[in-house]
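In what follows, a structure is listed as structure tokens, so that the remarks can point back to it.
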Amino acid sequence: MILFCSSFIPALLNPSYGASVSSRAAEWFRGHGLGGVVNLIETEWYRLNPPKVGGKPPAGSFTGPTLPPTPGRGALPIPPRLASPAGAWLPGEGVWHPAGRTVDGIPAVLTTTVRPDALHTSFVVGVAWMDTRLLRAQLYSSSSSSGIPGGGPYTHSAPVTPFAARTLDAAFNSGFRLSDSNGGYYTDHRMIARLRPGAASLVVYRDGSATVGAWGSQVAMSSRVASVRQNLNLIVNNGKPVPGLIANDNSQWGATLGGGFFVWRSGIGVTRNGALVYVGGPSLAITSLANLLVDAGAVRGMELDINTDWVQYSTYHGAKNAPVSGSNGASLLPGMIEAPSTYFQSWWIRDFYTMSVRSAPDAKLLAPLP
């Protein structure tokens, strides 16, 4: 009992195990070979608390700052209004709004909200569109042996430094633990875990550009590659959801809270002109996540992390070249449990991505995807 308490109680106080006590307990049990017990408890909870069907979203779900009528010089074209998976738009639904810092007054991140499907109409999902001509991507890795990927220290690890914060525009969650990702991890010129051919891969290049693709065919190792993060297989390819996606199937797409299918999920894709699109929110099946990435213009896309404690996207506001912190941040959705300050904490041991403003639009990043 003394040994149990000396391990379990500190886990309940450890914020890196999640924001909620229940999440911290579940992480501890799974880490000690008791995942089956957690699954039984969560399954019963999900059975008694299924996602609400029908209804309307909370007031103010589809509001935001006004977007400039035309993109700035050197920026990517502003995407069209996002279709609502629930059918006809509610007022303001799917309308893009500027978020975070700008590059010489040009919005580099646009966000919007939509309902996830025609059934769970009281829920709202967030979508962020990121202009890679104006932004540089960076993978941050954990320096903790118990974190993701472990084996540090790394050049970029939490907390985000004051120097890096001078250009920080957005930050968002990465993928599963490596033991669950069915994929590899490469960063700092090191192959941390072997890259699997065919795996869905988020690749960041040394010029700060980034893309998504199947490893070995659509993306591959070169001297330009700065990092590769793999997570399962593509869920979007050639501008369409991949064949075989089934809403009520968790066998390929991660262990969800209570074995449910409509849960918090996140994903990322790349558009034909090179923008990155992030989708995150509640009551998302794997099929609805893929459909939303396609609606947002993704030609290739992949799932990132899932469940309430791990889906997080933040933008940051502040004067150009002045450091920001969590207090300058705003979550993509108010229901996201982790806060914008998470990435500024030394205890955060999961990997994540940052998007930082460039000094000027990068005209070299113009080639469309094949």
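Going by my numbering, the sequence shown opens with residue 1, and the numbers climb by one from there.
Where a beta carbon is used, it is the ideal one built from N, C-alpha and C, also for glycine.
Computed from a predicted structure; not experimentally measured.
Using the rule of at least 16 other Cβ atoms within 10 Å of the residue's Cβ for burial, across every protein chain shown, is residue i buried or exposed?
{"i": "residue 224", "result": "exposed"}
{"i": "residue 116", "result": "buried"}
{"i": "residue 96", "result": "buried"}
{"i": "residue 355", "result": "buried"}
{"i": "residue 133", "result": "buried"}
{"i": "residue 357", "result": "buried"}
{"i": "residue 305", "result": "buried"}
{"i": "residue 221", "result": "exposed"}
{"i": "residue 307", "result": "buried"}
{"i": "residue 201", "result": "buried"}
{"i": "residue 340", "result": "buried"}
{"i": "residue 322", "result": "exposed"}
{"i": "residue 107", "result": "buried"}
{"i": "residue 145", "result": "exposed"}
{"i": "residue 53", "result": "exposed"}
{"i": "residue 59", "result": "exposed"}
{"i": "residue 282", "result": "buried"}
{"i": "residue 336", "result": "buried"}
{"i": "residue 359", "result": "exposed"}
{"i": "residue 286", "result": "buried"}
Please say whether residue j and residue i have beta carbons closer to each other than 7 Å?
{"i": "residue 297", "j": "residue 315", "result": "no"}
{"i": "residue 188", "j": "residue 155", "result": "yes"}
{"i": "residue 158", "j": "residue 310", "result": "no"}
{"i": "residue 292", "j": "residue 265", "result": "no"}
{"i": "residue 269", "j": "residue 244", "result": "no"}
{"i": "residue 94", "j": "residue 73", "result": "no"}
{"i": "residue 214", "j": "residue 198", "result": "yes"}
{"i": "residue 125", "j": "residue 112", "result": "no"}
{"i": "residue 344", "j": "residue 327", "result": "no"}
{"i": "residue 67", "j": "residue 273", "result": "no"}
{"i": "residue 89", "j": "residue 277", "result": "no"}
{"i": "residue 236", "j": "residue 290", "result": "yes"}
{"i": "residue 92", "j": "residue 118", "result": "no"}
{"i": "residue 208", "j": "residue 196", "result": "no"}
{"i": "residue 122", "j": "residue 55", "result": "yes"}
Please identify the residue among the options whose C-alpha is closest to the C-alpha of residue i.
{"i": "residue 173", "options": "138, 161, 162 and 275", "result": "138"}
{"i": "residue 232", "options": "53, 59, 321 and 178", "result": "178"}
{"i": "residue 212", "options": "206, 190 and 229", "result": "229"}
{"i": "residue 312", "options": "319, 334 and 320", "result": "334"}
{"i": "residue 150", "options": "163, 170, 124 and 185", "result": "185"}
{"i": "residue 148", "options": "351, 123, 357 and 124", "result": "351"}
{"i": "residue 267", "options": "273, 274 and 234", "result": "234"}
{"i": "residue 84", "options": "227, 66, 57 and 237", "result": "57"}
{"i": "residue 110", "options": "359, 288, 63 and 343", "result": "63"}
{"i": "residue 153", "options": "167, 192, 120 and 171", "result": "192"}
{"i": "residue 346", "options": "140, 263 and 227", "result": "140"}
{"i": "residue 203", "options": "114, 86, 238 and 136", "result": "136"}
{"i": "residue 180", "options": "337, 342 and 303", "result": "303"}
{"i": "residue 163", "options": "238, 320 and 332", "result": "320"}
{"i": "residue 280", "options": "238, 143, 299 and 331", "result": "331"}
Output yes if chain D places a C-beta closer than 7 Å to the C-beta of residue i; else output no.
{"i": "residue 140", "result": "Within the model displayed, chain D is absent; a lone protein chain is all it includes."}
What whole-angstrom Cβ distance do residue i and residue j have, given they're in contact under 8 Å?
{"i": "residue 65", "j": "residue 98", "result": "5 Å"}
{"i": "residue 329", "j": "residue 101", "result": "At roughly 11 Å, the Cβ-Cβ gap does not stay under 8 Å, so residue 329 and residue 101 are not in contact."}
{"i": "residue 240", "j": "residue 294", "result": "6 Å"}
{"i": "residue 275", "j": "residue 131", "result": "6 Å"}
Practice prompt. Please list the segments of the beta strand (DSSP E) lying wholly inside the stretch 134 to 174, counting only runs of 3 or more residues, in order along the chain.
Written response: 135 to 140 and 168 to 173
Fill in: Segments of 3+ residues assigned as beta strand (DSSP E) that fall wholly inside the stretch 185 to 245
185 to 187, 190 to 193, 200 to 205, 210 to 214, 225 to 230 and 234 to 237
Discussion item. If we require 3 or more residues per run, which beta strand (DSSP E) segments fall completely within the stretch 324 to 360?
Written reply: 329 to 331 and 352 to 357
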